[in-house]
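Presented below is the structure to which this report refers.
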Amino acid sequence: MSSALSVHTTIEDFEVRDGCLCIGGNSITELAAELGPSPFYVYDSELIKKRIRQLRDALPKAISLHYAIKANPMPEVVDLMSHHIDGLDVASAGELEIALSTSCKPADISFAGPGKSIAELEMAVAAGVTLNVESETELDRIVTIAQATGSRPRVAIRVNPDFELKSSGMKMSGGSKPFGIDAEQVPAVLGLMKTLPVDFIGFHIFSGSQNLRPEAICESQSQALELAFRLAADAPVPPQTINIGGGLGIPYFPGDQPLDLSPIAANLSGLLELTKERLPGTEIVMELGRYFVGEAGVYICTIVDRKVSRGQVYLVTNGGLHHHLAASGNFGQVIRKNYPVIIANRIGSSDLETASVVGPLCTPLDLLADRMTLAKAQIGDFVAVFQSGAYGYSASPHNFLSHPPPNEYLR
Ligand SMILES: *Cc1c(COP(=O)(O)O)cnc(C)c1O
359 MSSALSVHTT
369 IEDFEVRDGC
379 LCIGGNSITE
389 LAAELGPSPF
399 YVYDSELIKK
409 RIRQLRDALP
419 KAISLHYAIK
429 ANPMPEVVDL
439 MSHHIDGLDV
449 ASAGELEIAL
459 STSCKPADIS
469 FAGPGKSIAE
479 LEMAVAAGVT
489 LNVESETELD
499 RIVTIAQATG
509 SRPRVAIRVN
519 PDFELKSSGM
529 KMSGGSKPFG
539 IDAEQVPAVL
549 GLMKTLPVDF
559 IGFHIFSGSQ
569 NLRPEAICES
579 QSQALELAFR
589 LAADAPVPPQ
599 TINIGGGLGI
609 PYFPGDQPLD
619 LSPIAANLSG
629 LLELTKERLP
639 GTEIVMELGR
649 YFVGEAGVYI
659 CTIVDRKVSR
669 GQVYLVTNGG
679 LHHHLAASGN
689 FGQVIRKNYP
699 VIIANRIGSS
709 DLETASVVGP
719 LCTPLDLLAD
729 RMTLAKAQIG
739 DFVAVFQSGA
749 YGYSASPHNF
759 LSHPPPNEYL
769 R
């Protein structure tokens, strides 16, 4: 990549010693000996911190960065994040508990997600975190809790915008959606809020995820802010924060280019100027998950069998779809493509072959690599799947086929 602002963690960002992948100073072989046998996920804390630094250096200083912990809710990872970002975004009582156990202040934690239970709402109100309300019913429930406890809950409105993030991996807004309150209904809800025992905090406008097109991200961020400016006219008080979402993608597949941050940074500078005029004192938040952690994580499993079926080599591993649904292509992907996969203890080998990497499950979906060029591997070798730091461990059906779950380590 030519642009200085294109940051991309690839295999080149990981140390290789004697042909073996290293993470946090230890080779996979050493890690397996020290931590226990594969399969496991391992996340490199230095790479996570480096990514946050790179993003902060690239973006205007005034932009606040929040971590959406569903991308990787491992408590050690969330704790690390809490020391380096400005807030945490959670979407369940379980995630809230993890966030509250870190150094992050409750006021810097927000809780989004449709269908929050009464118990979750009570927990959030008691903790003093911001609730991103997803419906009028939810607002009613929060008011009931406020009245019963004599507290003033912090409430932001999750807005279902009237636009969508173009070419996103996963569309989560525009048209009819289960997320947020439709933009056209928000003025009435804000009017109602003036009479309610809640503190209005701001707007949460999330319009998509995994986007690698800077123009699309710029456009949706500009539209989010324009929408927030319009809606703020009806708010009980000016918004403290406007969460414009994130959407920054990472390259997973051949041909994917790492995101060029410079146009996004330039657009945000302009938006900050506008905000200073229209809503002085309002903080702009970007909420990111995979961009922080996705490239810092590797999934490791071991080859337990090697077989040839009608000319096609299969490397059968002790890991698979039940540990890493996304790498198998079954986590929302329309067309299956290979994640970056290597034989982790034969890096640089010139003895190559075309092979498929599969898991132990009795389903053809259990595929980690489909006819890839790999170093010729033997039983006992390690397979590494890169770009596995987000939506890996926690987004996989560990119980399917009742194999043991993988381990997880932060190094
Ligand atoms: C999942 C989610 C994110 C994070 O998405 P990434 O693609 O991991 O950056 C951010 N905001 C909200 C509201 C989400 O639901």
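First residue of the sequence shown: 359, per our numbering; consecutive thereafter.
All C-beta atoms, glycine included, are put in the ideal place defined by N, C-alpha and C.
message = Assuming contact is defined by CB atoms lying nearer than 8 Å, are ILE746 and TYR657 in contact in what I supplied?
response = Position 388 of the sequence shown, counted from the start, is the residue given in the question as residue 746. Position 299 of the sequence shown, counted from the start, is the residue given in the question as residue 657. The sequence given here has Ser at residue 746, not Ile. Yes, the Cβ-Cβ distance between SER746 and TYR657 is below 8 Å.
key: Length of the line joining the Cα atoms of GLY508 and THR502   = Start at 1 with the first residue of the sequence shown, and residue 508 comes out as number 150. Start at 1 with the first residue of the sequence shown, and residue 502 comes out as number 144. Each residue's Cα considered, the two are about 10 Å apart.
query = Excluding the five sequence neighbours on either side, which residues of its own chain have a C-beta within less than 7 Å of the C-beta of VAL435, listed in chain order?
reply = Reading the sequence shown from its first residue, position 77 is the one you call residue 435. Closer than 7 Å at the Cβ level, and outside the excluded window around VAL435, lie TYR401, VAL651, LEU768.
inquiry  = Spatial neighbours of HIS761 within its chain, please: C-beta separation below 7 Å, excluding the five flanking residues on both sides.
reply    = Residue mapping note: residue 761 aligns to position 403 of the sequence shown, counting from 1. Contacts found: HIS680, PRO718.
query = Which residues does DSSP pair with CYS659 in a beta bridge?
reply = Here residue 659 refers to the residue found at position 301 of the sequence shown. Bridge partners of CYS659: VAL741.
ask   = Whose C-beta lies closer than 7 Å to the C-beta of THR731 among residues of the same chain, with five residues either side of it excluded?
value = The residue you call residue 731 lines up with position 373 of the sequence shown. The answer, listed in chain order, is LEU710, THR712.
key: Boundaries (first-last residue) of the beta strand (DSSP E) holding GLU711   = Start at 1 with the first residue of the sequence shown, and residue 711 comes out as number 353. Run containing GLU711: 710–716, per the beta strand (DSSP E) assignment.
query = Roughly how many whole angstroms lie between the Cα atoms of ARG694 and ASP614?
reply = The sequence position of residue 694 within the sequence shown is 336, counting from 1. The sequence position of residue 614 within the sequence shown is 256, counting from 1. Answer to the nearest angstrom: the Cα atoms are 14 Å apart.
query = Cβ atoms of TYR649 and GLY604: under 8 Å apart, would you say?
reply = As a position in the sequence shown, residue 604 is number 246, starting the count at 1. As a position in the sequence shown, residue 649 is number 291, starting the count at 1. Cβ distance < 8 Å, so GLY604 and TYR649 count as in contact.
message = With the cut-off set at 8 Å, would you say ALA451 and MET432 are in Cβ contact?
response = The count along the sequence shown starts at 1 and reaches residue 451 at position 93. The count along the sequence shown starts at 1 and reaches residue 432 at position 74. It is not a contact, given that the beta carbons lie outside the stated cut-off.
ask   = DSSP state of GLN691, grouped into three classes?
value = The residue given as residue 691 occupies position 333 in the sequence shown. Coil.
key: Validate contact between the stretch 556–574 and the stretch 616–630 using beta carbons, cut 8 Å, 3 pairs   = yes
query = At what residue ranges does the stretch 495–562 contain a whole run of the beta strand (DSSP E), taking only runs of 3 or more?
reply = 512–518, 557–562
request  = Kindly examine ligand 1 and report whether one of its heavy atoms sits closer than 7 Å to the Cβ of GLN543.
outcome  = Mapped onto the sequence shown, residue 543 falls at position 185. Incorrect: GLN543 has no Cβ contact closer than 7 Å to ligand 1.
query = What is the residue span of the beta strand (DSSP E) that GLN581 lies within?
reply = To locate residue 581, count along the sequence shown from 1; it is residue 223. Note, GLN581: premise wrong, no beta strand (DSSP E); alpha helix (DSSP H) at 572–590.
ask   = Along the chain, where does the beta strand (DSSP E) that runs through GLN670 open and close?
value = The residue labelled residue 670 in the question sits at position 312 within the sequence shown. Where GLN670 is concerned, the enclosing beta strand (DSSP E) stretches over 670–675.
ask   = Where does PHE320 land, buried or exposed, given buried means 16+ other C-beta within 10 angstroms?
value = With the chain running from 359 to 769 in the structure shown, residue 320 is simply not present.
message = For ligand 1, I want to know if LYS474 counts as a neighbour, meaning its beta carbon is within less than 7 Å of at least one of the ligand's heavy atoms.
response = Here residue 474 corresponds to residue number 116 of the sequence shown, with the count starting at 1. No, since every heavy atom of ligand 1 falls outside the 7 Å radius drawn around the Cβ of LYS474.
query = Are there three or more Cβ pairs, one per stretch, closer than 8 Å when the stretch 685–694 is compared with the stretch 725–745?
reply = yes
query = Thinking C-alpha only, which one of ILE467, ALA477, ALA429 is nearest SER754?
reply = For this step, residue 754 is matched to residue 396 along the sequence shown. Minimum Cα distance to SER754 is reached at ALA429.
key: Endpoints, beta strand (DSSP E) assigned at TYR330   = Outside the displayed range of the chain (359 to 769) lies residue 330, so it cannot be described from this structure.
key: Cβ shell of SER461 (< 7 Å), same chain only, five flanking positions each side left out   = Reading the sequence shown from its first residue, position 103 is the one you call residue 461. So the list reads SER440, HIS441, once near-sequence residues are dropped.
message = If I measure Cβ to Cβ from SER403 and keep anything under 6 Å in the same chain, skipping five residues before and after, which residues do I get?
response = Start at 1 with the first residue of the sequence shown, and residue 403 comes out as number 45. Counting only Cβ-Cβ distances below 6 Å, and skipping sequence neighbours, we find LEU438, LEU768.
ask   = Do ILE622 and ILE737 have their C-beta atoms closer together than 8 Å?
value = In the sequence shown, the residue the question calls residue 622 occupies position 264. In the sequence shown, the residue the question calls residue 737 occupies position 379. No. Outside cutoff.
query = Hey, PHE521 and SER578 are a contact pair by Cβ (cut 8 Å); roughly how many whole angstroms apart?
reply = The residue labelled residue 521 in the question sits at position 163 within the sequence shown. The residue labelled residue 578 in the question sits at position 220 within the sequence shown. About 7 Å; that satisfies the 8 Å criterion.
query = Counting only beta-carbon atoms, is GLY652 nearer than 8 Å to chain C?
reply = Here chain C cannot be found, since the structure has a single protein chain.
ask   = What whole-angstrom Cβ distance do ILE705 and ILE642 have, given they're in contact under 8 Å?
value = Within the sequence shown, residue 705 is the residue found at index 347, counting from 1. Within the sequence shown, residue 642 is the residue found at index 284, counting from 1. Contact flag wrong, Cβ pair sits at about 42 Å.
query = Secondary structure at THR731, three-state DSSP: helix, strand or coil?
reply = Taking the first residue of the sequence shown as position 1, residue 731 is located at position 373. Correct three-state label for THR731: strand.
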